[in-house]
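Engineer:
Number of protein chains: 2
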Amino acid sequence: MQNFELWKTDVNSQARLGVINTTSGAVHTPVFCPVGSLATVKTLTPDELNDIGCEMILANNYHLYLRPTSQVVHELGGLHNFMNWHKPIITDSGGFQVFSLSHLRTINDEGVNFKSHIDGSNHFFTPEKAIHMQELLGSDIAMAFDHVPPSCADRELATKSLERTTLWAERCLKAHTRKEQQVYGIVQGGMFSDLRRRAAQEITALSFDGFAVGGLSLGEPKERMYGMLEETTPFLPPDKARYLMGVGAPEDIVAGVARGIDVFDCVLPTRVARNGALFTDEGRKNIRRAQYIKMDDSFDPNCDCYTCRNFSAAYLNHLFRSDELLGMRLASIHNVAFLWRLIKNIRLAITRDRFTIFATDFLGRYQVTNEDKRLEQKEQWLKANNRK
Amino acid sequence: MQNFELWKTDVNSQARLGVINTTSGAVHTPVFCPVGSLATVKTLTPDELNDIGCEMILANNYHLYLRPTSQVVHELGGLHNFMNWHKPIITDSGGFQVFSLSHLRTINDEGVNFKSHIDGSNHFFTPEKAIHMQELLGSDIAMAFDHVPPSCADRELATKSLERTTLWAERCLKAHTRKEQQVYGIVQGGMFSDLRRRAAQEITALSFDGFAVGGLSLGEPKERMYGMLEETTPFLPPDKARYLMGVGAPEDIVAGVARGIDVFDCVLPTRVARNGALFTDEGRKNIRRAQYIKMDDSFDPNCDCYTCRNFSAAYLNHLFRSDELLGMRLASIHNVAFLWRLIKNIRLAITRDRFTIFATDFLGRYQVTNEDKRLEQKEQWLKANNRK
Numbered sequence: 003m004q005n006f007e008l009w010k011t012d013v014n015s016q017a018r019l020g021v022i023n024t025t026s027g028a029v030h031t032p033v034f035c036p037v038g039s040l041a042t043v044k045t046l047t048p049d050e051l052n053d054i055g056c057e058m059i060l061a062n063n064y065h066l067y068l069r070p071t072s073q074v075v076h077e078l079g080g081l082h083n084f085m086n087w088h089k090p091i092i093t094d095s096g097g098f099q100v101f102s103l104s105h106l107r108t109i110n111d112e113g114v115n116f117k118s119h120i121d122g123s124n125h126f127f128t129p130e131k132a133i134h135m136q137e138l139l140g141s142d143i144a145m146a147f148d149h150v151p152p153s154c155a156d157r158e159l160a161t162k163s164l165e166r167t168t169l170w171a172e173r174c175l176k177a178h179t180r181k182e183q184q185v186y187g188i189v190q191g192g193m194f195s196d197l198r199r200r201a202a203q204e205i206t207a208l209s210f211d212g213f214a215v216g217g218l219s220l221g222e223p224k225e226r227m228y229g230m231l232e233e234t235t236p237f238l239p240p241d242k243a244r245y246l247m248g249v250g251a252p253e254d255i256v257a258g259v260a261r262g263i264d265v266f267d268c269v270l271p272t273r274v275a276r277n278g279a280l281f282t283d284e285g286r287k288n289i290r291r292a293q294y295i296k297m298d299d300s301f302d303p304n305c306d307c308y309t310c311r312n313f314s315a316a317y318l319n320h321l322f323r324s325d326e327l328l329g330m331r332l333a334s335i336h337n338v339a340f341l342w343r344l345i346k347n348i349r350l351a352i353t354r355d356r357f358t359i360f361a362t363d364f365l366g367r368y369q370v371t372n373e374d375k376r377l378e379q380k381e382q383w384l385k386a387n388n389r390k
Numbered sequence: 003m004q005n006f007e008l009w010k011t012d013v014n015s016q017a018r019l020g021v022i023n024t025t026s027g028a029v030h031t032p033v034f035c036p037v038g039s040l041a042t043v044k045t046l047t048p049d050e051l052n053d054i055g056c057e058m059i060l061a062n063n064y065h066l067y068l069r070p071t072s073q074v075v076h077e078l079g080g081l082h083n084f085m086n087w088h089k090p091i092i093t094d095s096g097g098f099q100v101f102s103l104s105h106l107r108t109i110n111d112e113g114v115n116f117k118s119h120i121d122g123s124n125h126f127f128t129p130e131k132a133i134h135m136q137e138l139l140g141s142d143i144a145m146a147f148d149h150v151p152p153s154c155a156d157r158e159l160a161t162k163s164l165e166r167t168t169l170w171a172e173r174c175l176k177a178h179t180r181k182e183q184q185v186y187g188i189v190q191g192g193m194f195s196d197l198r199r200r201a202a203q204e205i206t207a208l209s210f211d212g213f214a215v216g217g218l219s220l221g222e223p224k225e226r227m228y229g230m231l232e233e234t235t236p237f238l239p240p241d242k243a244r245y246l247m248g249v250g251a252p253e254d255i256v257a258g259v260a261r262g263i264d265v266f267d268c269v270l271p272t273r274v275a276r277n278g279a280l281f282t283d284e285g286r287k288n289i290r291r292a293q294y295i296k297m298d299d300s301f302d303p304n305c306d307c308y309t310c311r312n313f314s315a316a317y318l319n320h321l322f323r324s325d326e327l328l329g330m331r332l333a334s335i336h337n338v339a340f341l342w343r344l345i346k347n348i349r350l351a352i353t354r355d356r357f358t359i360f361a362t363d364f365l366g367r368y369q370v371t372n373e374d375k376r377l378e379q380k381e382q383w384l385k386a387n388n389r390k
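Just so you know, the sequences run in chain order A and B. 3 is the number of the first residue of the first sequence in my numbering; add one for each residue after it. 3 is the number of the first residue of the second sequence in my numbering; add one for each residue after it.
(1) Taking Gln190/B and Pro151/B to be in contact with their CB atoms under 8 Å, please state how far apart those CB atoms are, rounded to whole angstroms.
(2) Start and end of the alpha helix (DSSP H) containing Pro129/B?
(3) Determine, using beta carbons only, whether Thr45/A comes closer than 8 Å to chain B.
(4) With DSSP run on the structure shown, which of helix, strand or coil describes Arg2/B?
(5) Determine, for Ile295/A, whether the minimum Cβ-Cβ distance to residues of chain B falls below 8 Å.
(6) Beta carbon of Ala275/A, beta carbon of Asn337/A: below 8 Å?
(7) For Gln184/A, which residues in the same chain have their Cβ closer than 6 Å to its Cβ, ignoring the five residues on either side in sequence?
(8) Determine the closest residue to Ala257/A out of Lys242/A, Arg273/A, Glu232/A, Gln136/A, with distance taken between C-alpha atoms.
(9) Using a beta-carbon distance below 8 Å, is Ser118/B in contact with chain A?
(10) Measure the alpha-carbon distance for Phe116/A versus Gly366/B and round it to whole angstroms.
(11) Between Thr358/B and Arg273/B, what straight-line distance do the alpha-carbon atoms span, to the nearest angstrom?
(12) Given Leu164/B, which residues of its chain have a CB within under 7 Å of its CB, disregarding the five upstream and five downstream residues?
(13) Between which two residues does the alpha helix (DSSP H) containing Tyr294/A stretch?
(14) Is it buried or exposed for Arg389/B, if we count other Cβ within 10 angstroms and need 16 for buried?
(15) Specify, as a first and last residue, the run of the beta strand (DSSP E) that Glu232/B falls within.
(16) Let me check understanding here. Comparing Cα to Cα, which of Lys380/B, Leu139/B, Lys296/B lies closest to Leu78/B?
(17) Determine which residues share a DSSP beta bridge with Cys305/B and list them.
(18) Considering only the alpha carbon of each residue, which of Glu172/A, Val75/A, Asp355/A, Tyr317/A lies closest to Ser300/A?
(19) Can you tell me whether Arg166/A is buried or exposed? The criterion is at least 16 other CB atoms within 10 Å of its CB, across all chains shown.
(20) What does the alpha-carbon distance come out to for the pair Asn319/A and Tyr308/B?
(21) The stretch 141 to 175 of chain A: which residues have C-beta closer than 7 Å to a C-beta of chain B, in chain order?
(22) Answer yes or no: does any C-beta atom of chain D fall closer than 8 Å to that of Met330/B?
(23) What does Glu7/B pair with, by DSSP beta-bridge criteria?
(24) Which partner residues of Thr42/B appear in the DSSP bridge assignment?
(25) Whose Cβ in chain B lies nearer than 8 Å to the Cβ of Ala1/A?
(26) Using a Cβ cut-off of 8 Å, pull out every chain B residue sitting near His336/A, in sequence order please.
(27) Taking DSSP as the reference, what is the three-state secondary structure of Lys375/A?
(28) So, are the CB atoms of Thr31/B and Ala361/B less than 8 Å apart?
(29) Quick check on the burial criterion: 16 or more other C-beta atoms within 10 angstroms. Buried or exposed for Ala207/A?
(30) Compare the beta carbon distance of Val215/A and Met193/A with 8 Å and say whether it is the shorter of the two.
(31) Please name the residues in the stretch 298 to 328 of chain B whose beta-carbon is closer than 8 Å to at least one beta-carbon of chain A, in chain order.
(32) Below 8 Å on the Cβ atoms is my guess for Ser334/B versus Thr71/B; work out the distance and round it to an integer in Å.
(33) Count the C-beta pairs between the stretch 123 to 139 of chain B and the stretch 52 to 60 of chain B that are closer than 8 Å, then say yes if the count reaches three, no if not.
(34) Look at Val114/A and Val269/A and say whether their C-beta atoms are less than 8 Å apart.
(35) Alpha carbon to alpha carbon, what distance is there between Pro252/B and Thr42/B?
(36) Can you grab the Cα-Cα spacing for the pair Leu40/A / Val75/B, in whole Å?
Written as structure tokens, this is what we have:
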């Protein structure tokens, strides 16, 4: 059985239909993976994710290394057993977190020295260690350890991080021992087209099971992200899965699929849910608004999620205005279910060779969050995470 | 159909077995009601309470009057429809909250003037208004509006609040119009035996559907609470349900049943759960403790709740140490399920005329939280609520 089977490519776009075969089962693509950094998709049980239909989640190597530690998860039978989620799990290597969350890092070709964002303790990550820790976690798909430059990186830094990412990619593959675990390589290259192409060529020359596009959605305008994606995916082999890291806004999933991406992950649906922002086909709406105070109907009449089936918009409004934790749960269920329905509709559209029609229709109705506001929120979020 | 049917009284104690018949269904007694002050048992869905087996919950008139307002709940079809819980609901009148949560209250025989603990706005509660608001909520059992003295009240204040509670009780009954809704009267009297007896005689002379013992578990030592209970329940009619308000520690439920109480409610199981304190047959244990870091077994091997069936103690420990909201959920499920199992065991013991044996056995094993620590926690909690 191949790790990835490409079933079909849309006739009018690069949209693809396929399946990733892992030891924990099959993952149909395109797919969105909810994020459970600390072995929990915030506020939700694995049963709730199963009810929605989710096929794969993402957990985080950096976070789990610090708490409860990779070794403890290993001794408890691995991540699946630990969190009672028995479908596929992909783990981020910690590259992004080491650069975005930790403090006082020093980096050289050997690895990254950093202080924990929790207690300030000193740690050293190398490509070998990042792979070993993911083997301890026992995820189905591990990610290579990469050097993630900020979106504002100049050519020099973008080049350096690209070269280091390639160097580390080779070391990751060499260090990897668990053959039942797949490993994906990561393409960096900052915001430079030629560097993206060069990175794609260098990383795809190595024997990874799939390829990820990293370093995007870090604060750059969406159009630039889409442009960088267009400079990258044509250089990725068609017979391997393609993963766009950290991307999960509905409009970006559609744009990503159109550009040949198979796998997405993002904290967005659960993070904004905890602030009361719920997805609809017309865009994100905040359930705290006064218009919902007396709305006895469900928040979204087009939605068949547990939340919309069982509770009124008025009740959700009340829960959020009263700071009740149940509100965060119900909003998280709705947002993950919304993205899952989007994924299913995308799959169906590709099957019927109607993806471009679907995408035009969806993007025509879906009002994207104002770009300035979006970037401001993103910046706040990155700062808040840094302070933690 | 009678509002309350007394099925059996234990031969060796005052423990009783019965059923409360409401328009939303039957509630077997003894019963424990989880508290959903704001129309949500914190962190849990109605489905989860149903799965545990809960037969009745308590919601709060004061909280719902302020948010989202009694009128809004009424317009949305009443409390059952609003929160999607279709089994019986009992509502507290707000008497306790007006005295414990609100600010700058002035009280006279007409009613209570107070400032909202949320926004400082001015409000005036009367017995008539408290009943009308509970009719708007549409609970199955409404409580009379009472004057709750602090546990340290002197004889003068205890007498005054008793007399006012009786005066208000009469006005509550006169104001009540929804005949399908039952109303329970409340016995006050502070920490004075003769006043408790007098209050019981005055309140039971009125045509309430059931009787509650109020003003206990407010910081006084447990032995005093039990003593006051013994001075009260003998003066309550056997053919009406008896409700001990705000009491829900496992040892107090057993002690209350032994003294003839049928109904209990308390925030305790869910409140301590959110701090990581989980009930066991041996007492409360904090899941954050280091001993659980690597415990792959369930937290309580005797427990068949959703949490213990699906997750290890180590995972719960990790969730709490990482401040993950799922931890609060899973701990709340466990604690409510623990109390529900206790209730079922109590019912079975009474059925078999073995209640005193059961109680001796249970209290012999269950290590009660240290009295000083308990009182300190209680004081902190009352203060914290006042600050809100």
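Positions of the beta carbon are idealized from the N, C-alpha and C atoms, including for glycine.
Structural biologist: Checking against the coordinates, here is how it stands:
(1) 7 Å
(2) 129 to 139
(3) yes
(4) The first residue shown for chain B is 3 and the last is 390, placing residue 2/B beyond what the model contains.
(5) yes
(6) yes
(7) Asn5, Ile143, Asp211
(8) Glu232/A
(9) no
(10) 52 Å
(11) 29 Å
(12) Gln190, Gly191, Leu197, Arg200, Ala201
(13) Note, Tyr294/A: premise wrong, no alpha helix (DSSP H); not H, not E.
(14) With a pLDDT of 39 at Arg389/B, under the threshold of 50, the modelled position of that residue is not reliable, and the figure given next carries that caveat. With fewer than 16 Cβ atoms within 10 Å of its Cβ, Arg389/B is classed as exposed.
(15) Premise fails: Glu232/B lies in the alpha helix (DSSP H), 224 to 234, not in any beta strand (DSSP E).
(16) Leu139/B
(17) Its beta-bridge partners do not exist; DSSP assigns none.
(18) Tyr317/A
(19) buried
(20) 28 Å
(21) none
(22) Among the chains of the structure shown, chain D does not appear; the protein chains present are A and B.
(23) Val21/B
(24) In DSSP, Thr42/B forms no bridge with anything.
(25) This structure cannot settle anything about residue 1/A, because the visible part of chain A is limited to 3 through 390.
(26) The premise fails here: His336/A is roughly 13 Å from chain B at the closest Cβ pair, so nothing lies under 8 Å.
(27) helix
(28) no
(29) exposed
(30) no
(31) Asp298, Asn312, Phe313, Ser314, Ala316, Tyr317, Asn319, His320, Leu321, Arg323, Ser324, Glu326, Leu327, Leu328
(32) Wrong, their Cβ atoms sit about 27 Å apart, outside the cutoff.
(33) no
(34) no
(35) 22 Å
(36) 38 Å
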